[in-house]
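A.B. asks: Supplied in structure tokens, the structure appears directly below.
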Amino acid sequence: MTLARQNALANEDLARSVVELQVFRTRQEARAADGTRIALTALNPDANGWFLLELFRPGKGRETYHLENPAPLARRIALTGGPAPALSFGREGLCRPWADTTPELEAARATGLPFAPVCGDLLYLRNPVAGSRTSLERTAEFLRDKIAFGEGLVGLVKSTLYKDRYLESGALVTDADPGRAAAALGRARLADHPVMYTTMTFDLVGASPTRMEMGAWYALDGAPGIYASALQPRMIDAAILRGDQRANPLDPVEGKADVYLVGFDLSLFDLGYETGTEHPRLDWSPRPPEAARNRALPGPDGFARPDPLVPTGMLSPAEARRVAATFTGGFKREHGAFRSGPLAATNHGHHYGFVVHGTVLSRLQPGLATLYVLTDGRVGMRTWDSADAPPLREIRFARQNGVALVEPDPATGQPVPGAMVRQWLPGNWSGSDKAELRTLRAGACLRPGPNGPFLVYAWFSTATPSAMARVFQAYGCDYAMLLDMNAMEHTYMAAYAADPGGGIALHHLVAGMAQIDARAADGSRVPRFVGSADNRDFFYLLRKEAAK
Numbered sequence: 016m017t018l019a020r021q022n023a024l025a026n027e028d029l030a031r032s033v034v035e036l037q038v039f040r041t042r043q044e045a046r047a048a049d050g051t052r053i054a055l056t057a058l059n060p061d062a063n064g065w066f067l068l069e070l071f072r073p074g075k076g077r078e079t080y081h082l083e084n085p086a087p088l089a090r091r092i093a094l095t096g097g098p099a100p101a102l103s104f105g106r107e108g109l110c111r112p113w114a115d116t117t118p119e120l121e122a123a124r125a126t127g128l129p130f131a132p133v134c135g136d137l138l139y140l141r142n143p144v145a146g147s148r149t150s151l152e153r154t155a156e157f158l159r160d161k162i163a164f165g166e167g168l169v170g171l172v173k174s175t176l177y178k179d180r181y182l183e184s185g186a187l188v189t190d191a192d193p194g195r196a197a198a199a200l201g202r203a204r205l206a207d208h209p210v211m212y213t214t215m216t217f218d219l220v221g222a223s224p225t226r227m228e229m230g231a232w233y234a235l236d237g238a239p240g241i242y243a244s245a246l247q248p249r250m251i252d253a254a255i256l257r258g259d260q261r262a263n264p265l266d267p268v269e270g271k272a273d274v275y276l277v278g279f280d281l282s283l284f285d286l287g288y289e290t291g292t293e294h295p296r297l298d299w300s301p302r303p304p305e306a307a308r309n310r311a312l313p314g315p316d317g318f319a320r321p322d323p324l325v326p327t328g329m330l331s332p333a334e335a336r337r338v339a340a341t342f343t344g345g346f347k348r349e350h351g352a353f354r355s356g357p358l359a360a361t362n363h364g365h366h367y368g369f370v371v372h373g374t375v376l377s378r379l380q381p382g383l384a385t386l387y388v389l390t391d392g393r394v395g396m397r398t399w400d401s402a403d404a405p406p407l408r409e410i411r412f413a414r415q416n417g418v419a420l421v422e423p424d425p426a427t428g429q430p431v432p433g434a435m436v437r438q439w440l441p442g443n444w445s446g447s448d449k450a451e452l453r454t455l456r457a458g459a460c461l462r463p464g465p466n467g468p469f470l471v472y473a474w475f476s477t478a479t480p481s482a483m484a485r486v487f488q489a490y491g492c493d494y495a496m497l498l499d500m501n502a503m504e505h506t507y508m509a510a511y512a513a514d515p516g517g518g519i520a521l522h523h524l525v526a527g528m529a530q531i532d533a534r535a536a537d538g539s540r541v542p543r544f545v546g547s548a549d550n551r552d553f554f555y556l557l558r559k560e561a562a563k
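Under my numbering, the first residue of the sequence shown is numbered 16, with each subsequent residue one higher.
So this is what it looks like as structure tokens:
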């Protein structure tokens, strides 16, 4: 089948399962001597991460197991034939987890673990689990699902009780030593670089977060390749603030609101993405107009549930030992589509797409801001356009969330605010439909670094999209996009650093984020996304391992 035909099949408007959406999947079948038929489906052989194992035993129904390869770059998996079929791991041997009196697969499922090891830890069985939710999320979901005007009620709460709730505005500190900045990363383009007080909780090399020079980068102690910065948007160079009319002027509140940034030298990290146990969902968002929906379909991609695939809402234990940072992903499905404007009227309202381990859970839509990782590890960020985007089969991870905050100018190639930054509803920026609401927001960008691409996560204590765009411009970002907003749990960010005892210490960007972590029976905190399953999606960064 040609690539063009595969792409056409992926975009057909029809009811199907999530497995049928995977047009690059391959399937192997074998029959054992006892009559058991075994099928192994590689959902994307190039990504080599997710597999579906199906067993058809004589006299029994189908058994389905969602398997994850914890070493997709190093380990190939195949199904052998003959009277005793087995999973082959090349030089690592064979495994028959469906055989024996008590099959290993059944025992792994009975554990109830999100990731249950099978075949001597060569594979993980993904088991269904419940992800944690905060009281705020539970209340909001109840209002939306159970009350006819619930969405409007949630919006009223956001525009009154939560407006500027998390606003921080650190005082300027005169005659203070700003400490030792990372000179190789430069400074943001500001009119002035005063020293400011922050409530950031990171430990910095040669500096204190209570005395940071605006726009400078500081290395995190015990975390090579991770840096922190802070500023208030009012200090941005006037040439940026007034350089074009794509963004609104800063209002006095967001101008003084603290912005904290965390940068990652991608030459040292692998970037990944995982969906939560519940979000983003796969059914229809209520936002697009009725004419844009196909009610014959359960969801915009032809299905409403991921079955037989299993979302776990947490990092694989094989990857947890390398974890360097995590941060919350993008909008839930109910908010992740367009209510009005040109993107609402086509492609079913442009529901935001996402890909995990090469498996398309929701199709990537043209015109949307996309953070993606290729099968060779390269990270990119762009407005998706199937005409010049990387081939779909080479996408290992991807997450779309609205439209660009910063993008290259079509005429000059220079970074400018996105074309829809000032268009509140057409840009689906959420908040007040009068475009007046400031709120807690998070975003991400890519910019050049001394060793190649540099990924930046930014936490805005209160901001509009215009303020976000100006900050990312000041930091020299080539492209920037919104992540999530309105609450600490939606903008959660944590970094992991070596501690003096030889272990790994968890550091939240700001202290309030620690309250989002789950608690163990003894009262200790369990890191969100790493030690406990969560209902929300997230990005993670892993330290690269030296080549063997």
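Cβ atoms here follow ideal geometry from the backbone N, Cα and C, with glycine treated the same way.
Just so it is clear, the structure is predicted and the values come from calculations on it, not from any experiment.
Starting from Trp474, follow its DSSP beta bridges and name the residues at the other end.
C.D. replies: For Trp474, which the question treats as bridged, DSSP gives the partners Tyr275 and Ala457.
A.B. asks: Give me, in chain order, the residues of the same chain whose beta-carbon lies closer than 7 Å to that of Val33; leave out the 5 immediate sequence neighbours on both sides.
C.D. replies: Phe318, Pro321, Leu324 and Leu376
A.B. asks: What residues in its chain sit with their C-beta under 7 Å from that of Leu283, if we drop five residues either side in the sequence?
C.D. replies: Contacts found: Pro239, Gly240, Arg558 and Lys559.
A.B. asks: What residue range is occupied by the uninterrupted beta strand (DSSP E) comprising Pro430?
C.D. replies: Pro430 to Pro432
A.B. asks: Identify whether Arg378 lies in helix, strand or coil by the three-state DSSP scheme.
C.D. replies: coil
A.B. asks: Which value, in whole angstroms, describes the spacing of the CA atoms of Thr506 and Thr189?
C.D. replies: So the alpha carbons of these two residues sit roughly 31 Å apart.
A.B. asks: Under 8 Å, do Pro326 and Thr292 count as touching if we go by C-beta distance?
C.D. replies: yes
A.B. asks: Candidates Ala413, Thr361, Gln415 and Glu121: which alpha carbon is nearest Asp28's?
C.D. replies: Thr361
A.B. asks: As a quick exercise: from Thr79, Leu109, Pro304 and Gly97, pick the residue whose alpha carbon is nearest that of Arg91.
C.D. replies: Leu109
A.B. asks: Out of curiosity, what's the CA-to-CA distance linking Ala45 and Tyr511?
C.D. replies: 45 Å
A.B. asks: If the criterion is Cβ atoms closer than 8 Å, does the pair Asp252 and Arg204 meet it?
C.D. replies: yes
A.B. asks: Contact between the region 430-443 and the region 512-532: three or more CB pairs below 8 Å?
C.D. replies: These segments do not touch.
A.B. asks: Contact between the region 334-346 and the region 540-548 is defined here as three or more beta-carbon pairs at a separation below 8 Å; is this criterion met?
C.D. replies: yes
A.B. asks: Using the three-state DSSP reduction, which class does Thr56 fall into: helix, strand or coil?
C.D. replies: Correct three-state label for Thr56: strand.
A.B. asks: Report the residue from Ala231, Val38 and Arg31 whose alpha carbon sits nearest the alpha carbon of Glu409.
C.D. replies: Val38
A.B. asks: Can you tell me whether Arg310 is buried or exposed? The criterion is at least 16 other CB atoms within 10 Å of its CB, across all chains shown.
C.D. replies: exposed
A.B. asks: In chain order, which beta strand (DSSP E) runs of at least 3 residues are fully inside the region 226-299?
C.D. replies: 241-246, 274-280 and 284-289
A.B. asks: If you check the beta carbons only, do Met496 and Ala404 fall under 8 Å apart?
C.D. replies: Not a contact, by the Cβ cut-off of 8 Å.
A.B. asks: Reducing DSSP to helix, strand and coil, say where Lys173 ends up.
C.D. replies: With a pLDDT of 44 at Lys173, under the threshold of 50, the modelled position of that residue is not reliable, and the figure given next carries that caveat. Lys173: helix per DSSP, three-state reduction.
A.B. asks: Is the CB-CB distance between Ala54 and Arg72 below 8 Å?
C.D. replies: no
A.B. asks: Rounded to whole angstroms, what is the Cα-Cα separation between Phe130 and Gly96?
C.D. replies: 27 Å
A.B. asks: Express the C-alpha separation of His350 and Gly356 in angstroms, rounding to a whole number.
C.D. replies: 15 Å
A.B. asks: Sort out for me which residues DSSP pairs Ile519 with in a bridge.
C.D. replies: Ala513
A.B. asks: Which two residues bound the contiguous alpha helix (DSSP H) that contains Pro332?
C.D. replies: Pro332 to Ala335
A.B. asks: Given a threshold of 16 other Cβ atoms within 10 Å of its Cβ, counted over all protein chains shown, does Ala561 qualify as buried or as exposed?
C.D. replies: exposed
A.B. asks: Only counting the same chain, and skipping five residues up and downstream in sequence, which positions put a Cβ closer than 7 Å to that of Ala384?
C.D. replies: Thr398, Gln415, Asn416, Gly417, Val418, Ala419 and Met496
A.B. asks: Check whether the region 266-281 touches the region 462-476, counting contact only when three or more Cβ pairs, one atom from each stretch, lie closer than 8 Å.
C.D. replies: yes
A.B. asks: Per the DSSP calculation, Gln43 is bridged to which residue(s)?
C.D. replies: Per DSSP, Leu55.
A.B. asks: By the 10 Å Cβ neighbour count, where 16 or more other Cβ atoms means buried, how is Thr477 classified, buried or exposed?
C.D. replies: buried
A.B. asks: Hey, is the region 225-235 in contact with the region 191-210, meaning 3+ C-beta pairs nearer than 8 Å?
C.D. replies: yes
A.B. asks: Thinking C-beta only, is Phe342 closer than 8 Å to Met508?
C.D. replies: yes
A.B. asks: Do Val421 and Pro432 have their beta-carbon atoms positioned less than 8 Å apart in this structure?
C.D. replies: yes
A.B. asks: How about Pro85 and Ser331: are their beta carbons less than 8 Å apart?
C.D. replies: Yes, these two residues count as a Cβ contact at 8 Å.
A.B. asks: For my contact list, Ala57 and Arg40 are in at a C-beta cut-off of 8 Å; report their separation, rounded to the angstrom.
C.D. replies: 6 Å
A.B. asks: Over what stretch of residues does the alpha helix (DSSP H) that includes Gly395 continue unbroken?
C.D. replies: Unbroken run through Gly395 is the beta strand (DSSP E), Val394 to Thr398; no alpha helix (DSSP H).
A.B. asks: Going by DSSP in three states, Phe487 sits in which element: helix, strand or coil?
C.D. replies: Under the three-state reduction of DSSP, Phe487 is assigned to helix.
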